[in-house]
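Single-structure report; data block below.
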Amino acid sequence: MICQLQDDGVHLVTDLPKFNNMKSGLYNARNTNLGVTKLNFKLPTEVIIPQKFESFLLADYNDMDEGTRILVFCNADIKNISADFEHFLCDGTFKSCPPPFSQIYTIHGYNEITKKVVPLFYAFLHNKNEKTYAILMELIKSRLPTWYPKKITMDYEKSAMNAIHNFFPKTVIKGCFYHFCNSLFKKARALEMKSRVQRRHVAKCAGLARLPLKFIMSGYKHIMRRSPNCEQVRKFNSYFNSYWLSDIAFIKKWCCYQEVKRTTNDLEGWHARINKYLGRKNPSLAQVLELLVKETKIHLYRKKIQSKNYETIDLEINSAIEDMNANIITVGHCLEIIAPYSF
1 MICQLQDDGV HLVTDLPKFN NMKSGLYNAR NTNLGVTKLN FKLPTEVIIP QKFESFLLAD
61 YNDMDEGTRI LVFCNADIKN ISADFEHFLC DGTFKSCPPP FSQIYTIHGY NEITKKVVPL
121 FYAFLHNKNE KTYAILMELI KSRLPTWYPK KITMDYEKSA MNAIHNFFPK TVIKGCFYHF
181 CNSLFKKARA LEMKSRVQRR HVAKCAGLAR LPLKFIMSGY KHIMRRSPNC EQVRKFNSYF
241 NSYWLSDIAF IKKWCCYQEV KRTTNDLEGW HARINKYLGR KNPSLAQVLE LLVKETKIHL
301 YRKKIQSKNY ETIDLEINSA IEDMNANIIT VGHCLEIIAP YSF
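Numbers 1 to 343, taken from full-length UniProt numbering, label the letters of the sequence shown in order.
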């Protein structure tokens, strides 16, 4: 009896068709459901947008002669509330970008009243050229004529910064404080600045970004007067002076005094979550769009809650700066207080 039960139903398994024999039918059914003939493309200009996502599409720029293709997506609800945002965060991600595009460049809006950071625009770009970013800004503006950012926070990608500045000359462009600090400590690691004194020197340079603009140069002079006397630090100082103190316009970009949103960390955290959800490299455009549609709806109702630890740090830093402004402490003393929070 037991022997008979062991073999019962085996014929059902052996009768199942093999995947290789049915994959064409499955793929065709999937493509029919999406409204496309295929999902993989060699050139950006050949990409076909699935019909089910056409209502999600904001703009489609396709220059066959130059081989340039830019796709911009935006939820219909976002189009109506985009005016609620004056401060925007910009950044790109490469890991979850579907080929033949090279990056997904996203623009999030920060509402100072609700404290929400909401993903607004998703652009699929094939390069990082200044011209490409300029076309992107023009595409969004052409679809939303009233869109004129009051402020944009981003990393220090020169081509993107230049494109935004040229297209929106009145927009205040701020560099990400995290990227600023990360650049300094990355340079320090490259120069093998490992001692506590050397690292504190770098931290004080990073702390300059938290000072009011008018105190930055006096703060820098204070740091230089107490600079460690070694070759590594001299090279670091040369780098900091030539790159970050090159002109007042650039200093204004990395000065984050009184900035509520000093970093693009919210946006980068969102990118990390998208990459994790997709769980693979080179996903199809349809797979990415499916996830973006869901994420947009979720973020419309999600409020960002600031960590109590960050609130405490901000209170410490702001208190020191207030004392400096009131001439209770010197700019040097203020930097000594701020420096530990730059690590």
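Glycine included, C-beta positions come from ideal geometry on N, C-alpha and C.
- Taking all protein chains in view, the Cβ of SER246 is surrounded by fewer than 16 other Cβ atoms within 10 Å, so the residue is classified as exposed.
- Excluding the 5 residues flanking it on each side, LEU267 has same chain C-beta neighbours closer than 6 Å at LEU89, ASP91 and HIS108, in chain order.
- In this chain, ALA134 is not harboured by any beta strand (DSSP E); it is covered by the alpha helix (DSSP H) spanning 130-143.
- Residue pairing by DSSP places CYS176 in no beta bridge whatsoever.
- Short of 6 Å from the beta carbon of ILE337, and not among the five residues preceding or following it, lie these beta carbons of its own chain, in chain order: ALA320.
- The residue from PHE177, ALA326, GLU138 and CYS334 with its alpha-carbon nearest to that of THR264 is PHE177.
- For CYS97, same chain residues with a beta-carbon under 6 Å away, outside a window of 5 residues either side, are GLN103 and ILE104 in chain order.
- Spanning the alpha carbons of ILE329 and GLU322 requires a straight line of approximately 9 Å.
- If you compare the alpha carbons of LYS261, MET137, LYS253 and PRO119 with that of VAL293, the shortest gap goes to PRO119.
- Here the alpha carbon of LEU335 sits roughly 12 Å from the alpha carbon of MET224.
- Straight-line spacing of the CA atoms in THR68 and LEU213 works out to 40 Å.
- Between VAL72 and LEU58 a beta carbon distance of about 5 Å is seen, short of the 8 Å cut, so the two are scored as contacting.
- Inter-residue distance for ARG262 and ALA83 is about 21 Å (C-alpha atoms, whole angstroms).
- The stretch 185-201 makes no contact with the stretch 271-288; the number of CB pairs closer than 8 Å stays below 3.
- Remark: C-beta atoms of PHE121 and THR106 approach each other more closely than 8 Å.
- The continuous alpha helix (DSSP H) containing PHE250 extends over residues 248-254.
- Under the criterion of beta carbons closer than 8 Å, GLU138 and PHE167 qualify as touching, at roughly 7 Å.
- If you look at TYR110, you'll find it in the beta strand (DSSP E) that goes 103-111.
- Taken in chain order, the stretch 204-285 contains no complete beta strand (DSSP E) segment of 3 residues or longer.
- Taken through DSSP and simplified to helix, strand or coil, ASP314 comes out as helix.
- Just measuring C-alpha positions, the residue of ALA163, THR171, LYS194 and MET154 sitting nearest CYS230 is LYS194.
- Checking the DSSP bridge columns, you'll see GLY92 partnered with TYR105.
- Listed as beta-bridge partners of PRO100 by DSSP are no residues whatsoever.
- When the five nearest sequence neighbours on each side are left out, the beta carbons in the same chain lying within less than 7 Å of the beta carbon of CYS205 are those of LEU184, ILE223 and PHE240, in order along the chain.
- DSSP places LEU71 in the uninterrupted beta strand (DSSP E) bounded by 68-73.
- If you look at ASN327, you'll find it isn't in any alpha helix (DSSP H); DSSP assigns it neither H nor E.
- In the DSSP assignment, HIS87 forms a beta bridge with TYR110 and LYS151.
- For LYS158, no beta strand (DSSP E) run applies; the uninterrupted alpha helix (DSSP H) run containing it begins and ends at 158-167, by DSSP.
- Under the three-state reduction of DSSP, PRO119 is assigned to strand.
- Taking 8 Å as the cut-off, the beta carbon of PHE236 is found no closer than this to the beta carbon of LEU285.
- By the criterion of a C-beta distance shorter than 7 Å, GLY219 is surrounded in its chain by LEU208, LEU211, VAL331 and LEU335, once the five residues flanking it on both sides are discounted.
- Looking at GLY175, PRO145 and LYS38, the one whose alpha-carbon comes closest to that of GLU157 is GLY175.
- If you ignore the 5 residues before and after HIS165, its C-beta comes within less than 7 Å of the C-beta of ILE173, all in its own chain and listed in chain order.
- The alpha-carbon of ILE135 is positioned some 42 Å away from that of ARG234.
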